[in-house]
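According to this note's numbering, the sequence shown holds residues 156 to 286 in order.
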Amino acid sequence: MRLSDSLALPAPASINGPTTRAPEPIEFTELALTVDLLLESHPLFSDAVKAALLPLDGEFLFDLPHADKPGGKGRVAAVRIRYAGSDAVKLAFVFLSDDAMDARVAPPDTELDHLKSFAESFVGVLEKIAD
């Protein structure tokens, strides 16, 4: 047994009990924080997302209205980014809150199947055009 094995700390327990959801990539946090900061200087959500993707070498696909209530300013942008330690480009969604003040980033999970399939089709069309 190596010394580093005996010094390993146990994984932190969730406040709400055990969870089966994997931790979000650090790129999600970086992207969400950067979009939040850029919303002040970029009047369009899509421009803020595009600017936030530059240092991550990400790709902006599209954005659509995604309000929780009528008259809300919420939007969702589909992006592709590389996660740390991986060369694969993966899909993610950037959500703008209804008050247009906060952004969050989410992976394409089962709750977002409709957006995921639309984004994958969109990428498929782009790839066919590029060929």
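Cβ atoms here follow ideal geometry from the backbone N, Cα and C, with glycine treated the same way.
Remember, predicted model here, so these are calculated numbers, not experimental data.
Residue i classed as buried or exposed, judged by whether at least 16 other C-beta atoms fall within 10 angstroms
i, result
"P167", "Here the model assigns P167 a pLDDT of 48, short of 50, so the residue's position is not dependable and the matter cannot be decided."
"G279", "exposed"
"L199", "exposed"
"F248", "buried"
"G226", "exposed"
"G240", "exposed"
"L188", "exposed"
Minimum C-alpha distance to residue i - residue among the options
i, options, result
"L186", "V244, A206, I284", "A206"
"L192", "L199, A203, P225, F183", "A203"
"L246", "A232, T184, D223, D286", "A232"
"L219", "K271, E282, L281", "K271"
"K228", "E266, T184, L194, D286", "L194"
N-terminal and C-terminal residue of the beta strand (DSSP E) that residue i is part of
i, result
"D218", "214-220"
"A258", "258-261"
"L246", "244-251"
"A232", "230-237"
Endpoints, alpha helix (DSSP H) assigned at residue i
i, result
"L208", "200-208"
"E185", "181-193"
"D268", "268-285"
Whole-Å CB distance - residue i paired with residue j, under 8 Å assumed
i, j, result
"E182", "L211", "6 Å"
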